[in-house]
Structures are given as structure tokens and as C-alpha cells.
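Peer 1:
There are 2 protein chains.
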Amino acid sequence: MPRPSVRGKLVQAGLETLHAKGFNGCSIQDITEAAGVPKGSFFNHFKSKELLVLDVLGPYGESNRVDMLFDESKPPLERLRQHFNFLADSYARFDFERGCLLGNLGAEIATSHPPVREALREILQAWSGIVAGVLRKAQAAGEINPDLDADELGNFLVNAWEGIVLRLKIVKNREPVDEFLDVCFRLLLR
Amino acid sequence: MPRPSVRGKLVQAGLETLHAKGFNGCSIQDITEAAGVPKGSFFNHFKSKELLVLDVLGPYGESNRVDMLFDESKPPLERLRQHFNFLADSYARFDFERGCLLGNLGAEIATSHPPVREALREILQAWSGIVAGVLRKAQAAGEINPDLDADELGNFLVNAWEGIVLRLKIVKNREPVDEFLDVCFRLLLR
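These protein sequence lines are chains H and B, in that order. The working numbering applies: residue 15 is where the first sequence begins, and numbers increase by one. The working numbering applies: residue 15 is where the second sequence begins, and numbers increase by one.
1) Counting only beta-carbon separations shorter than 7 angstroms, does H:Phe56 have a partner in chain B?
2) For H:Trp141, which residues from the same chain have a beta carbon less than 7 angstroms from its beta carbon, with the 5 sequence-adjacent residues on both sides left out?
3) Assuming contact is defined by CB atoms lying nearer than 7 angstroms, are B:Val51 and B:Lys88 in contact in what I supplied?
4) Spell out whether any CB of chain B is found under 7 angstroms from the CB atom of H:Glu136.
5) Using a Cβ cut-off of 8 angstroms, which residues of the segment 68-87 of chain H contact any Cβ in chain A, in chain order?
6) So, does the CB of H:Glu47 fall closer than 7 angstroms to a CB anywhere in chain B?
7) Taking the alpha helix (DSSP H) that B:Asp192 belongs to, which residues open and close that run?
8) So which residues on chain B does H:Lys63 lean against when the C-beta distance must stay under 8 angstroms?
9) Are the C-beta of B:Pro106 and some C-beta of chain H separated by less than 7 angstroms?
10) Pull out every residue of the segment 174-202 of chain H whose Cβ sits closer than 7 angstroms to any Cβ of chain B, in chain order.
11) Do you know offhand how far B:Asn159's Cα is from H:Leu182's?
12) DSSP on B:Glu30, reduced to helix/strand/coil?
13) So with CB distances below 9 angstroms, who are the chain B contacts of H:Gly113?
14) Looking at B:Ala121: is its Cβ nearer than 7 angstroms to the Cβ of H:Asn187?
15) How far does the alpha helix (DSSP H) with H:Ile45 in it reach, from first residue to last?
16) So the candidates are H:Gly143, H:Ala152, H:Leu180 and H:Asp85; which of them puts its Cα closest to the Cα of B:Cys114?
17) Leaving out five residues on either side along the sequence, give the residues of the same chain with a beta carbon under 8 angstroms from the beta carbon of H:Glu194.
18) Quick one: does H:Glu166 have its CB under 7 angstroms from some CB of chain B?
19) In the DSSP assignment, find the alpha helix (DSSP H) that holds B:Phe57 and state where it starts and stops.
20) Can you tell which of B:Ile144, B:Ile184, B:Glu76 and B:Leu167 has its C-alpha closest to the C-alpha of H:Ile138?
21) Using 8 angstroms as the cut-off, can you tell me whether the segment 60-78 of chain H makes contact with the segment 127-135 of chain H, which would need three or more C-beta pairs spanning the two stretches below that distance?
22) Are B:Arg112 and B:Ala34 close, meaning C-beta to C-beta below 7 angstroms?
23) Identify whether B:Phe100 lies in helix, strand or coil by the three-state DSSP scheme.
24) Can you give the Cα-Cα distance for H:Leu134 and H:Thr31, rounded to whole angstroms?
25) Let me know the secondary structure DSSP gives H:Leu203 once reduced to three states.
26) Going by C-alpha to C-alpha distance, which of H:Phe37, H:Glu166 and H:Thr46 sits closest to H:Gly143?
27) Ignoring anything shorter than 4 residues, give me the alpha helix (DSSP H) runs that lie fully in the segment 88-156 of chain B, in order along the chain.
28) Please list, in chain order, the chain H residues whose beta carbon lies closer than 7 angstroms to that of B:Arg131.
29) Quick one: grab the DSSP three-state call for H:Ser62.
30) Excluding sequence positions up to five away, which residues of its chain have a Cβ less than 7 angstroms from the Cβ of H:Phe100?
31) Using the beta-carbon count (16 or more within 10 Å), is H:Ala2 buried or exposed?
32) Are there 16 or more other CB atoms within 10 angstroms of the CB of B:Asn169, so buried, or fewer, so exposed?
33) Sort H:Ala152, H:Ser19 and H:Ile123 by Cα distance to H:Asn58 and report the nearest one.
34) State the CB to CB distance for the pair H:Val148 and H:Arg93, rounded to an integer number of angstroms; the pair is presumed to be in contact (CB under 8 angstroms).
35) Taking just the CA atoms, how far does B:Gly156 sit from H:Thr125?
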């Protein structure tokens, strides 16, 4: 395995630190210390903490394994349920304390940092579109009513999920996830 | 009208400033400047910014007019729809940029400030319980299926709403609200 570059270490440590402490809750020094690199090296790679944020969103997105939604070996609704359970399990590893980096950044700095808002807008739109695609597959497979508006439901599910994750950070147990799964898969997606 | 006390000015300015800039995004000086009081006076009234947060949650909750949910002159589901529309209109006044103070604080500092987390837990639990109560009234009035689990749906709706508000901050138009209302009132609550 190649040794990670300084830039790679900063992205990895930035992801961890921003997720754990929030944008304004961590300093550039917190990030360079976590990366084990000299503080001054940060500005060789990023002009600002905001620009680092834009770079951690890619690796964060990959860690969420949206590719699972394309696994044609499983029925569409089962894929979708596994996707949400995978995310819930990833939050549980941090005792639900970190939540979703996308939601955290959206709540904290979407307004003060327009480039972050724009990046989040694109990511959430893409994710919602992928969920809508799974719903269309579920309609084609006869799993849910073909008259449902898949695009609207894709947006709704992703948005609702972000709210569920927020409540997870507050109650620190997975009850909000189980309620979400029950309401969505038993009452809504039929 | 009595002149507001220094403490009252700090609570009002704290609410505005925390809502606009976030907890770590504003300084105590930002708050005292917005209140038009000397910086030193802050600590005569609050030992920390965290303790001010706990004091602004009451006035913030009142501004959300949860009392509308108890207005027996209207059918339960109509009350609920008006409640969410009232909140959406209140966010629209700030071009959707501020979102919900509860969600913002939850995302940003629930983990780093346990007393804030506990206060948010109680507020969200109370709000969810009130929504559940409206759903039980809707069941009694024959508006929705009496077999639905009102407590589960109350939690789900409040959680989903907080996620909707997050997306509002990012897209800056009310489409997520209209999708939420359509999905919830046409597909779910029946």
C-alpha cells in the first residue's frame, strides 16, 4: 500500500474531525494534529477550511455505499431498506453522536458558505435521484403502486432520513430509524 | 409597554443571532452588540453561551405557535397542515436560510453540549406527543385509519419535518415542504 500523501492525510483527518466536531467546532490546527502533519502544511494544500470541506464530501459519499442501491441481485425495496440500515449501523458505531456529515454541514454552514451549500444541493439531488430510480424499479417489479410519484418520494425519503439522523443524535438510540422503516416500508411504499 | 431588561434584550438578541449564525458561528460580542448592551453585562446574566441557549429555547418554541394544534374549531388534519404551513412561512421570511433553531442546534452541538441535547430531547418529545395527540383526534373524527400508531407517526412526522427544513436551507425554495405535505397528507395520513 502506498504511503498516504500529506494531502490525503489532511482529507482523511479533515473528514473525521469535521464529522466529530462540526465546521466551526474544529480549528485547522485540530485537523493538522489529527493528520499528524505540521500546521503550516495545511495551506500548501488548501486555501481555507471551506475548500477542505468540499474535498472531504467525495470520500464521505463513498463511505455511505450508495452503490448498494444498484445491486440488481436483490429486490428493489430490500436494497433500499438495506441502504438505510447500513447508514444507521454506521452512525451506531459512533453511538449516534456524529450523525450525517451532509446534514451537519447543511444545518451549520449552508447559509454562511454558499459553495458548500451548492455542493450539498448537488449531492442530495443525486442521492434523491438514485432512490427515485430504485422506487421506479420497485414499481416495475410490482412491489409498489405504479401511480406513486417516484421523484417526489425519492426527495421525501432522503429529506425525512436526514431528519431521522438528527433525532438519532439527540436520543442516541435507533428507535427513530425503526419508526422510519416501519412507516416508510409498511405504510408508504406499497 | 415596559422597557425590556438587559436580560430580556440578551435573550431576544441571542435567539436572533444564534438562529442566523449558529452556536459556534457567533461570539458573545456578536450577541451583546445585537442586544445593544455592554459586552461585560453578558456575564452578569449568563455564565456561558450554553446557558443562554437553554434560555432562548422557550421563546423560540413559543414563536412556533404549537398552540395552533389545540384549536378545536378546526378539524385535526387541517390543524396539522396549517401548523406545518405556518412554520414553512416563518422560514420563508428569512429566505429559508435560517431553518429551525432546534434542528440547527441539534446538528451542531447536541454532542458537544449535553445539557442542550437534553433540552432538545424534551422539546422534540413534547412536540411529537402533541402531534400524536392531533392524530388521535383525527382517528376519533374518522379522518384517518384508527389502526395507525399515532405515537410512532407523531415522532416520524416531527423527525421528517426537521429533515425537510434542512433541505429548505439548501434549495432555498418551498418545494420540499410541498412534497412533504403531499406525501404525508395524501399518502400517509388516510
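Beta carbons: idealized from backbone N, C-alpha and C, even for Gly. A quick note: this is a predicted structure, and the numbers were derived from the prediction, not measured.
Peer 2: Considering the structure as presented:
1) Translated into the one-based positions of the first sequence, residue 56 of chain H becomes position 42. Chain B, which has no Cβ nearer than 7 angstroms to the Cβ of H:Phe56, makes this no.
2) Counted from its first residue, the first sequence places residue 141 of chain H at position 127. So the qualifying residues of the chain are Val80 and Val172.
3) Within the second sequence, numbered from 1, the residue matching residue 51 of chain B stands at position 37. Within the second sequence, numbered from 1, the residue matching residue 88 of chain B stands at position 74. Not a contact, by the Cβ cut-off of 7 angstroms.
4) To locate residue 136 of chain H, count along the first sequence from 1; it is residue 122. Interface residue (Cβ-Cβ distance to chain B less than 7 angstroms): H:Glu136 is not classified as such.
5) Structure shown: chain A not included; protein chains present are H and B.
6) The residue labelled residue 47 of chain H in the question sits at position 33 within the first sequence. Answer no: the Cβ-Cβ gap between H:Glu47 and chain B never drops below 7 angstroms.
7) Here residue 192 of chain B refers to the residue found at position 178 of the second sequence. Where B:Asp192 is concerned, the enclosing alpha helix (DSSP H) stretches over Glu189 to Asp196.
8) The sequence position of residue 63 of chain H within the first sequence is 49, counting from 1. For the C-beta of H:Lys63, not a single chain B residue is nearer than 8 angstroms; the gap to the nearest is close to 12 angstroms.
9) Counting from one through the second sequence, the residue named residue 106 of chain B turns up at place 92. It should be noted that the sequence gives Ala, not Pro, for residue 106 of chain B. Taking Cβ atoms only, chain H never reaches closer than 7 angstroms to B:Ala106, which makes this a no.
10) Ala174, Trp175, Glu176, Gly177, Ile178, Leu180, Arg181, Lys183, Ile184, Val185, Pro190, Glu193, Phe194, Asp196, Val197, Leu201 and Leu202
11) Taking the first residue of the second sequence as position 1, residue 159 of chain B is located at position 145. Taking the first residue of the first sequence as position 1, residue 182 of chain H is located at position 168. Straight-line Cα distance between these residues: approximately 28 angstroms.
12) As a position in the second sequence, residue 30 of chain B is number 16, starting the count at 1. In the structure shown, B:Glu30 sits in a helix (DSSP, three-state: H, G or I).
13) The residue labelled residue 113 of chain H in the question sits at position 99 within the first sequence. The answer, in chain order, is Gly120, Ala121, Ala124 and Thr125.
14) Within the second sequence, the letter at position 107 stands for residue 121 of chain B. Within the first sequence, the letter at position 173 stands for residue 187 of chain H. Contact: no.
15) Within the first sequence, the letter at position 31 stands for residue 45 of chain H. Start and end: Ile42 to Ala49.
16) By 1-based counting over the second sequence, the position of residue 114 of chain B is 100. Nearest of H:Gly143, H:Ala152, H:Leu180 and H:Asp85 to B:Cys114, Cα basis: H:Leu180.
17) In the first sequence, the residue the question calls residue 194 of chain H occupies position 180. First, the amino acid is wrong: residue 194 of chain H is Phe here, not Glu. For H:Phe194, where only same-chain residues beyond five positions count, the Cβ hits under 8 angstroms are Phe98, Ala174, Trp175 and Ile178.
18) Here residue 166 of chain H refers to the residue found at position 152 of the first sequence. Yes, its Cβ sits closer than 7 angstroms to a Cβ of chain B.
19) For the purposes of this step, residue 57 of chain B is identified with residue 43 of the second sequence, where counting begins at 1. Counting along the chain, the alpha helix (DSSP H) containing B:Phe57 begins and ends at Phe56 to His59.
20) As a working note, residue 138 of chain H is residue 124 in the first sequence. Note on residue identity: the sequence assigns Leu, not Ile, to residue 138 of chain H. Minimum Cα distance to H:Leu138 is reached at B:Ile184.
21) Contact holds: three or more Cβ-Cβ distances are below 8 angstroms.
22) To locate residue 112 of chain B, count along the second sequence from 1; it is residue 98. To locate residue 34 of chain B, count along the second sequence from 1; it is residue 20. The answer is yes: Cβ separation under 7 angstroms.
23) By 1-based counting over the second sequence, the position of residue 100 of chain B is 86. B:Phe100 falls in the helix class under three-state DSSP.
24) The count along the first sequence starts at 1 and reaches residue 134 of chain H at position 120. The count along the first sequence starts at 1 and reaches residue 31 of chain H at position 17. So the alpha carbons of these two residues sit roughly 18 angstroms apart.
25) Counted from its first residue, the first sequence places residue 203 of chain H at position 189. H:Leu203: coil per DSSP, three-state reduction.
26) In the first sequence, counting from the first residue as 1, residue 143 of chain H sits at position 129. Out of H:Phe37, H:Glu166 and H:Thr46, H:Glu166 has the C-alpha closest to the C-alpha of H:Gly143.
27) Here the runs fully enclosed are 90-106, 115-123 and 128-154.
28) What you label residue 131 of chain B is simply residue 117 of the second sequence in a count that begins at 1. Neighbours of B:Arg131 on chain H, chain order: Ile184.
29) Here residue 62 of chain H is taken as the residue at index 48 of the first sequence, counted from 1. Coil at H:Ser62, not helix or strand.
30) Here residue 100 of chain H refers to the residue found at position 86 of the first sequence. Taking H:Phe100 as the centre and dropping the five residues before and after it, the same chain places the C-beta of Arg79 and Met82 closer than 7 angstroms to its C-beta, in chain order.
31) Since the displayed chain H opens at 15 and closes at 204, residue 2 of chain H lies outside it and no answer follows.
32) The residue labelled residue 169 of chain B in the question sits at position 155 within the second sequence. Result: buried.
33) By one-based count along the first sequence, residue 58 of chain H stands at place 44. The shortest C-alpha separation from H:Asn58 is found at H:Ser19.
34) Along the first sequence, read from residue 1 onward, the residue named residue 148 of chain H stands at position 134. Along the first sequence, read from residue 1 onward, the residue named residue 93 of chain H stands at position 79. With a Cβ gap of about 6 angstroms, H:Val148 and H:Arg93 count as contacting.
35) Working through the first sequence from its first residue, we reach residue 125 of chain H at position 111. Working through the second sequence from its first residue, we reach residue 156 of chain B at position 142. Looking at the two C-alpha atoms, the distance is approximately 43 angstroms.
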